[in-house]
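Residue numbers (our numbering), protein chains in the order written: chain F, 1 to 219; chain Y, 1001 to 1219; chain Z, 2001 to 2254; chain X, 3001 to 3228; chain C, 4001 to 4228. Read through the structure below, which is laid out as structure tokens, and then see the notes.
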Amino acid sequence: MRALLKRELNLALRAGSGALTGLLFFLAVITIFPFGIGPDLNALSRLAPAILWVGALLASLLGLERLFSQEREDGSLDLLVMQDHPLALSIFIKCLAHWLVTGLPLVLAVPLFGIMLNLSPIGIGAVMVTLLVGTPAITFIGAVGAAVTVSLPRGGLLIAILVLPLVIPVLIFGVSATNGALFDPDPFTSPFLILCALSLFTMVLGPLAASMMLRHSVE
Amino acid sequence: MRALLKRELNLALRAGSGALTGLLFFLAVITIFPFGIGPDLNALSRLAPAILWVGALLASLLGLERLFSQEREDGSLDLLVMQDHPLALSIFIKCLAHWLVTGLPLVLAVPLFGIMLNLSPIGIGAVMVTLLVGTPAITFIGAVGAAVTVSLPRGGLLIAILVLPLVIPVLIFGVSATNGALFDPDPFTSPFLILCALSLFTMVLGPLAASMMLRHSVE
Amino acid sequence: MNDVATQKTGFWTWLTGLANPTRFMGLADRWIPWLAAITTALLALGLWMSFNAPEDYQQGATVLIMFIHVPTVWLAMFCYLVMSISALGTLVWRHPLSDVALRAAAPIGAAFTLLGLITGSLWGKPMWGAWWVWDARLTSFLVLLIIYLGIISLGRALEEPTQAAKALAITTLVGFINLPIIKFSVDWFETLHQPASVSRLAKPAMDVAFLYPLLTMALAFSFLFATLHLMNMRNEILRRRIRSLKLRAAAGER
Amino acid sequence: MKFEAKNISINRGARRIIQSVNFALNNGDALIVTGENGSGKSTLLRALAGFLPFAEGSLFFDLPEEGKDDPLIIREHIHYLGHQNGMKPALSVRENLEFWQGYSTASNSDEGLDGMSLIEALDFVELPHVLELPYGYLSTGMKRRVSIAKLLITEKPIWIVDEPTAGLDAKSSAMFTDLCKDHCANGGILIAATHLPLGIDGAKKLEVEQLYTFHGGGDLFDEPESGS
Amino acid sequence: MKFEAKNISINRGARRIIQSVNFALNNGDALIVTGENGSGKSTLLRALAGFLPFAEGSLFFDLPEEGKDDPLIIREHIHYLGHQNGMKPALSVRENLEFWQGYSTASNSDEGLDGMSLIEALDFVELPHVLELPYGYLSTGMKRRVSIAKLLITEKPIWIVDEPTAGLDAKSSAMFTDLCKDHCANGGILIAATHLPLGIDGAKKLEVEQLYTFHGGGDLFDEPESGS
Ligand code: HEM
Ligand SMILES: Nc1ncnc2c1ncn2[C@@H]1O[C@H](COP(=O)(O)OP(=O)(O)OP(=O)(O)O)[C@@H](O)[C@H]1O
Ligand SMILES: Nc1ncnc2c1ncn2[C@@H]1O[C@H](COP(=O)(O)OP(=O)(O)OP(=O)(O)O)[C@@H](O)[C@H]1O
Ligand SMILES: [Mg+2]
Ligand SMILES: [Mg+2]
């Protein structure tokens, strides 16, 4: 399994989505928001959690699309399925690697972006914590979507039905937990706990569901 | 050329989930921003054009990665380059097809999402028109990014980085034209005309630049 | 007339002669020490002049930052200009060294841009009360940093040099539109940032007491850029030689 | 060790592709599967490797120590080399091979690190020098040879190979034949689908035939042939 | 018609792969390129088809009517069949072939619609029944045969084919040989790289050899061998 993690990270670095690229991507995403929304720092700082979360979602979707389809096209998927490791574990590792290059850079860069978006120190802390807990969930849900598209050539509709009801709650609880930490009337603990639960839940179920799909896609 | 358009659309309908992933992402963006803004409906509808534009812009980035890299992997790119059609024209057609399945659904979904953001009917119309004119520019600029990273197996994030800075003008004029239609003091015509100009300009230059790149990437 | 023509062909043969990397290496080896020496001298002079400049009645001692800030941002943009010309060199004239020049300039440009952003932020805190604002010039300058870093990551991701050369050249040229945006953003949009006060076509609107140290610093930074650029080009050529040696060895060539 | 197929039938895309195939292989046996294009060689091999379910019949696998016919356990003992190589062009040959070595030995490591080292394996396929080259830089035949090296770096008793010599030059084909002979001589089992004679003496032959007639059972939802 | 290579050398990845190759082909000639794995057959063919630049030497192409050696004009007259088939698995065989037919004849249409119809072409490769199947459902050899059908649906005088018979069964290989003979008999030119003898009588032979010694010019950035 260490071998798989190493390969994935290697590939990511080699093939144009290394850690620096992840950071840079977020910088680019953050930069375009003020162009749309306007330079008003107050509005931006209110929206900062949403902006950062949207960036995380986009990054996950951008890279995940090819998570399994490439393995399938070059024949690696056959061999991955064939090994005696539980396939779900391999998928977990692949997701982990993906998160390390897309999710983690975001979490670590929040202080910088927070300053640019005029976020208070508490806000920065809250965004970091919620992103740290929540972004894995996005990756794991996305993996299921990627597995569906690989196994069903016409799975476009399915991915929406499967992934949508899960991704949006993650975003909502993530953003509302952050707002809870920032603005008084909103609660923090309960959405945060739900977020944690979602993350744990998808961490287990995501790879299992994806492995089920993938097993049938190698024919 | 009609043959190419037909193939692309066929492929997208058959195998692609690009349109749906895009819509899903769009929906997620629309859902998440009201949380940041809070219950103030006025503020929400003021920001609605910007949110819709930013969402559409980011959503158009999804799927760009596969525009040429898949052609390269299955050997079609060789043959596309080899034909005596101007390659730029083929690229134009591919972009057009890509826009039809990813950009156009976003435009068509605006009425629905506009209501969620409390946008007035005029606003919805304005967003639709500006997106209709502006999103092709994003695709055509994106094609250059896709061509530049064609040999990278995971170029998704990198494409986004290369493309985002370049689409900023499109975003600026798109949002300001929409705001112009909605709010009195701002002008509508001049940013809208600039937006049209940008679209036409990229429509010509994008495929040319992409074809220059692709010619050299088949080795 | 005739003279100009021969001069031009002379320059041209010189330039095409440079296409031979080996000759270029020799040239670089000879020039770099001189350039480094000039840079050091100019920097010392510029710093001395800066510290002896009078305090600004508005900005107080913080005006000192200007002597760093303005030259770095100029160089950041100049470097991109150099890269764009190199890009043309790759695509139009197919000069083999222009790709090397482009690649070698990118990290230097990124460093200058980062420095410009940092000095600007340091200056902005006392002047505007915020480290960062989303004003047109600042944002477009930040975009320049993104473009630089994007080009660097693209160059790293693409392994095949000939292919990377095309990709980098096209990306650089497409990104060029950002330069006029940075330059004229103060005129097009209302911004907090200082409008052009030195680099105007008309008479500079700055006191000579500030102008001379500033120009000296600018000159010093230009030489610094030239030195670093030559050094990095030399490294880049060496890197390529190592790469091709490795590849040949790996392919079993003897 | 025994690898036995009893009356195997396989469906694909609502069609019966393989009808009632039987064979029994013991230590050291080789089975060469031949047949026209589209007759179902690859399908059979993929089913044997566990990627496809059998419509009828079953597989018996008789390892001295372990569980008899659990397909998951059988899989552990199989090397499958399909039409595709399963390597990443962006990574170097070393990285690719190291990955497959690490990935597949991790759990077997209690049996000790088996198989050859990378260098030995590459020596065997006569590509010792490409170790550090990106896999994508290799020629078609060299790519195939690297995948063959992959069979050597982890030791598994059963090899299932699908047109292993496609794209290989004459010398490398002979090399592969030798490898197969060695493998069988060491008590391994080989199942190969091929159009070109591999030249393994004493190998069993299985000719797969294209089914043009309806063989029932293609799909549960098919109309039954006649009556009831 | 004449297709002539004069002193061609090709570099790839900072290495000289092909050194000073010469040949001249006239109407009806076939050239068989052979060589070990990695010797540079595919590289040569890709350069001839215009995908790679020549490091030295040049190509002369002598069409009765048109521009002599403009590579862009040469390309129009070439059918290239590489290791990959250039078809989309999600589309049906008909859709794939119709696409390539429509795409490549569009501009030649003033010369009249040339080539066979899809059905004829598929008949030729003995796959008339797969017309409506998704391309991804075909077996490896059937895929290759469909790509061969692609050569027939638009008529071009020069065929450059890279291991065309890899994965084909014996019958189909013979069929392909016949096709090539027909093509040459009709005044076409054929350039094929292959490990398996194609069986075309009177074909010219070109043996590509692996270069192990440094042949200069690999890369401008190479250090000069000695001195200056
Ligand atoms: C992060 C913040 C800042 C950034 C990114 C930035 C960027 C730039 C850029 C790109 C230029 C070059 C303009 C040109 O050549 O036309 C420039 C020039 C200049 N900046 Fe800044 N700047 C920042 C903060 C500041 C601050 C706080 C001040 C002082 C109040 C300042 C004063 C100047 C001056 C005086 C010039 C020279 C203008 C000229 O003569 O062209 N900058 N800056
Ligand atoms: N994914 C699939 N879905 C449906 N049918 C398939 C699929 N893959 C293959 N087939 C069909 O199964 C049959 C056997 O295919 P298979 O690939 O096993 O042939 P093969 O004997 O390996 O041929 P070749 O010599 O060309 O490799 C073919 O008729 C093919 O159309
Ligand atoms: N993209 C590339 N970059 C660098 N070197 C390459 C590249 N592709 C191939 N090569 C090298 O060029 C040489 C010739 O490769 P080529 O594919 O032409 O061989 P071939 O004769 O077709 O072999 P095969 O019989 O295996 O198909 C090989 O040594 C290979 O490593
Ligand atoms: Mg097969
Ligand atoms: Mg080859």
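Just so it is clear, CB atoms sit at the ideal spot from N, CA and C, and this is done for glycine as well. What you are looking at is a predicted structure, and each value in this text was computed from that prediction instead of being measured.
query                                                                                                                                                                                         : result
Looking at C-beta atoms only, is the number of pairs between the stretch 3197-3211 of chain X and the stretch 4012-4025 of chain C that lie closer than 8 angstroms three or more?            : no
Taking the straight line between their C-alpha atoms, what separation do you get for Cys1196 of chain Y and Gln3101 of chain X?                                                               : 56 angstroms
Ordered along the chain, which non-local residues of its own chain (more than five positions away) have a Cβ less than 8 angstroms from that of Leu4081 of chain C?                           : Ser4147, Ile4148, Lys4150, Leu4151, Trp4159, Ile4160, Val4161, Asp4162, Pro4164
Measuring alpha carbon to alpha carbon, tell me which residue in Z:Arg2241, Z:Ser2222, Z:Gly2150 is nearest Cys2079 of chain Z.                                                               : Z:Ser2222
Cβ-heavy atom distance between Tyr3137 of chain X and ligand 7 below 6 angstroms?                                                                                                             : Ligand 7 is not part of the structure shown, which contains ligand 1, ligand 2, ligand 3, ligand 4 and ligand 5 as its ligands.
Consult DSSP for Gln4019 of chain C and reduce its assignment to one of helix, strand or coil.                                                                                                : strand
In chain order, what are the residue ranges of uninterrupted beta strand (DSSP E) at least 3 long that sit wholly in the stretch 4071-4104 of chain C?                                        : 4078-4081
Can you list, in chain order, the residues of its chain with a C-beta nearer than 6 angstroms to that of Pro4134 of chain C? Leave out the 5 residues immediately preceding and following it. : Ser4092
Taking the alpha carbon of Val1170 of chain Y as the reference point, which residue from Y:Ala1043, Y:Ile1091, Y:Ser1120, Y:Ser1060 has its own alpha carbon closest?                         : Y:Ser1060
Mind listing the chain Z neighbours of Glu3132 of chain X? Cutoff is C-beta to C-beta under 8 angstroms, in chain order.                                                                      : Lys2246, Ala2250
State buried or exposed for Phe3003 of chain X, treating a residue as buried only when at least 16 other CB atoms are found within 10 Å of its CB.                                            : buried
Return helix, strand or coil for Trp4159 of chain C, following the three-state DSSP convention.                                                                                               : strand
Whose C-alpha, out of F:Ser211, F:Ala137, F:Pro111, F:Val144, is nearest the C-alpha of Ser236 of chain F?                                                                                    : Within the shown structure, residues of chain F are numbered from 1 to 219, placing residue 236 of chain F beyond reach of any answer.
Alpha carbon to alpha carbon, how far is His2069 of chain Z from Leu1080 of chain Y? Give it in angstroms, no decimals.                                                                       : 50 angstroms
Taking only runs that begin and end inside the stretch 2074-2128 of chain Z, name each unbroken alpha helix (DSSP H) of 4 or more residues, in chain order.                                   : 2096-2128
Where does Trp2074 of chain Z land, buried or exposed, given buried means 16+ other C-beta within 10 angstroms?                                                                               : buried
What residue from F:Trp99, F:Ile168, F:Phe140, F:Ala126 has the CA that sits closest to Thr178 of chain F's CA?                                                                               : F:Ala126
Name the chain Y residues that come within less than 8 angstroms of Glu65 of chain F, Cβ to Cβ?                                                                                               : Thr1021, Leu1062, Gly1063, Glu1065, Arg1066, Gly1156
Just to confirm my understanding: we take Leu1132 of chain Y, look at its own chain, exclude 5 residues before and 5 after, and list those with CB closer than 7 angstroms. What are they?    : Val1107
Please list, in chain order, the chain Z residues whose beta carbon lies closer than 8 angstroms to that of Ile1165 of chain Y.                                                               : In the sequence on display, residue 1165 of chain Y carries Pro and not Ile. Under the 8 angstroms cutoff, chain Z gives Val2143, Ile2146, Ile2147, Gly2150, Gly2175, Asn2178.
What three-state label does DSSP hand Glu1071 of chain Y in the structure shown?                                                                                                              : helix
Of all the CB atoms in chain Y, is at least one closer than 7 angstroms to the CB of Lys2166 of chain Z?                                                                                      : yes
Quick one: list the residues of chain X neighbouring Ala15 of chain F, beta-carbon separation under 8 angstroms, in chain order.                                                              : Ala3090
Tell me the DSSP secondary structure of Asn3011 of chain X in three-state form.                                                                                                               : strand
Ignoring anything shorter than 4 residues, give me the alpha helix (DSSP H) runs that lie fully in the stretch 25-84 of chain F, in order along the chain.                                    : 41-64, 69-73, 76-82
Whose C-beta lies closer than 6 angstroms to the C-beta of Thr1202 of chain Y among residues of the same chain, with five residues either side of it excluded?                                : Ala1137, Phe1140, Ile1141
Here's the rule: buried if 16 or more other CB atoms are within 10 angstroms of the residue's CB, otherwise exposed. What is Asn118 of chain F?                                               : buried
Would you say the beta carbon of Lys3143 of chain X comes nearer than 6 angstroms to a heavy atom of ligand 5?                                                                                : no
Output the distance between the C-alpha atoms of Met2083 of chain Z and Pro2126 of chain Z, rounded to the nearest integer angstrom.                                                          : 34 angstroms
Looking at ligand 2, does it come within less than 6 angstroms of Ile3153 of chain X, judged from the CB to the closest heavy atom?                                                           : no
Can we count Lys4041 of chain C as close to ligand 5, meaning its CB is less than 6 angstroms from some heavy atom?                                                                           : yes
Is the beta carbon of Leu4168 of chain C closer than 7 angstroms to that of Arg4144 of chain C?                                                                                               : yes
Please return the same chain residues whose Cβ sits closer than 7 angstroms to the Cβ of Met1128 of chain Y, not counting the five positions on each side in sequence.                        : Val1107, Val1110
Return yes when the C-beta of Ile4018 of chain C is under 6 angstroms from any heavy atom of ligand 3, and no when it is not.                                                                 : no
Would you please verify whether the beta carbon of Met116 of chain F is less than 7 angstroms from any beta carbon of chain Z?                                                                : yes
Taking 6 angstroms as the cut-off, does the CB of Thr135 of chain F come closer than this to any heavy atom belonging to ligand 4?                                                            : no
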